[in-house]
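Per the numbering used here, the very first residue in the sequence shown carries number 2; after that it's consecutive. Notes to accompany the following structure.
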Amino acid sequence: MDEFETERLADPELSDPVLIEGLPGVGHVGKLAAEHLLEELDGEPVRKVYSQHFPPQVSLDEGQSELANAEFHAVHTEQGQDLLVLTGDHQAQDNRGHYKLTDRFLDVAEEFGVERVFALGGVPTGELIEEYDVLGAATTGELAADLEDVGVEFREDEPAGGIVGVSGLLLGLGGRRGFGSACLMGETSGYLVDPKSAQAVLTVLQDLVGFEVDFGSLEERAEEMEEVVRKIQEMEQGSPTPSDEDLRYIG
2 MDEFETERLA DPELSDPVLI EGLPGVGHVG KLAAEHLLEE LDGEPVRKVY SQHFPPQVSL
62 DEGQSELANA EFHAVHTEQG QDLLVLTGDH QAQDNRGHYK LTDRFLDVAE EFGVERVFAL
122 GGVPTGELIE EYDVLGAATT GELAADLEDV GVEFREDEPA GGIVGVSGLL LGLGGRRGFG
182 SACLMGETSG YLVDPKSAQA VLTVLQDLVG FEVDFGSLEE RAEEMEEVVR KIQEMEQGSP
242 TPSDEDLRYI G
């Protein structure tokens, strides 16, 4: 296998598509949001990108194996806005891989005529939170103004250390290649998978891009996580040791 390989699965016609990236990160916020879009809007797989920079492993589904990859799906929304959604189970394991993979991802975006890119992720607060704000970053003042119009916040020196991984490079490399790129980051504790933060990010995204998605299943997952948080808080406060059933739920 070469350092990078792109598998062509389908070639649908897309009209002015927007690239939405949701790969694993803090709280799995971006990945949850992207996967929810695909579940609700019936995305069609169009490209798979394989790389030696992904972890050396395969995923298993009922005994069937698949080499680590990132996948693009095409989505036609009822509102007429086409989407190209990038997700997967891994990011690159090294700096060179992050740069080279992001360039490959942008190559696919160009192939489908993408001009705007939205990277989705989480920004850690280090504590459990009640209200979920969405922070943003953008490559142009015009795009930053669009984000502010839908309630996205821009805070000095946040996230601390900047935006790392593919989400950051979609802005850095995307901006250099002429894409209008932005990152939407939902606040999250950083300790747990966070469906509530993913919903906050998607709520902003649908206003920005112009589509609608049902949040029912995401809200159910959020309720399940709230129960997990409650159990953790009880344990931290010195409540009785949880039963085996409780531990299985938390795990």
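Heads up, the beta-carbon is just placed ideally off N, CA and C, and yes, glycines get one too.
Asked                                                                                                                                                                                      : Found
Are there three or more Cβ pairs, one per stretch, closer than 8 Å when the region 77–91 is compared with the region 13–27?                                                                : yes
Return the residue from the list VAL165, LEU24, THR7 and GLU128 that minimises the CA-CA distance to GLN234.                                                                               : GLU128
Any idea what DSSP makes of MET2, helix, strand or coil?                                                                                                                                   : coil
For GLN65 and ALA145, what's the separation of their Cα atoms in angstroms?                                                                                                                : 44 Å
Got a sec, what are the start and stop residues for the beta strand (DSSP E) HIS99 sits in?                                                                                                : HIS99 -> not in any beta strand (DSSP E); alpha helix (DSSP H) instead, spanning 96–112.
My output table needs one value for VAL194: the three-state DSSP class, helix, strand or coil.                                                                                             : coil
Apply the 10 Å Cβ neighbour rule to GLU213 and answer buried if 16 or more other Cβ atoms are within range, or exposed otherwise.                                                          : exposed
Can you tell me whether LEU61 is buried or exposed? The criterion is at least 16 other CB atoms within 10 Å of its CB, across all chains shown.                                            : exposed
Starting from ASP43, trace the beta strand (DSSP E) in both directions and tell me its first and last residue.                                                                             : Careful: ASP43 lies outside any beta strand (DSSP E) and carries neither H nor E.
Beta carbon of THR189, beta carbon of THR126: below 8 Å?                                                                                                                                   : yes
Identify, in the order they occur along the chain, each residue of the same chain with its Cβ nearer than 7 Å to the Cβ of HIS77, setting aside the five sequence neighbours on each side. : ASP83
Roughly how many angstroms separate the alpha carbons of ASP195 and HIS29, rounded to a whole number?                                                                                      : 7 Å
According to the Cβ coordinates, are ALA93 and HIS54 closer than 8 Å?                                                                                                                      : yes
Look at the Cβ atom of PHE5, then the Cβ atom of ARG105, and state whether they are nearer than 8 Å.                                                                                       : yes
If we count the other Cβ atoms within 10 Å of its Cβ and call it buried at 16 or more, is ALA199 buried or exposed?                                                                        : buried
Could you check whether SER52 and LEU332 sit closer than 8 Å to each other, using their CB atoms as the reference points?                                                                  : Here the chain has residues from 2 to 252 only, and residue 332 is not among them.
Over the uninterrupted beta strand (DSSP E) stretch that includes VAL135, give me the two end residues.                                                                                    : 135–139
Going by C-alpha to C-alpha distance, which of PRO13, ALA201 and SER16 sits closest to GLU132?                                                                                             : ALA201
Under the DSSP definition of a beta bridge, which residues are partnered with PRO125?                                                                                                      : THR189
Taking all protein chains shown into account, decide if SER218 is buried (16 or more other Cβ within 10 angstroms of its Cβ) or exposed.                                                   : exposed
Buried or exposed: where does ALA59 fall if 16 or more other Cβ atoms within 10 Å of its Cβ makes it buried?                                                                               : Inspection of the sequence shows that residue 59 is occupied by Val rather than by Ala. Exposed is the call here.
Report buried or exposed for PRO56, applying the criterion of at least 16 other Cβ atoms within 10 angstroms of its Cβ.                                                                    : exposed
Can you tell me whether PHE155 is buried or exposed, with buried defined as 16 or more other CB within 10 angstroms of its CB?                                                             : exposed
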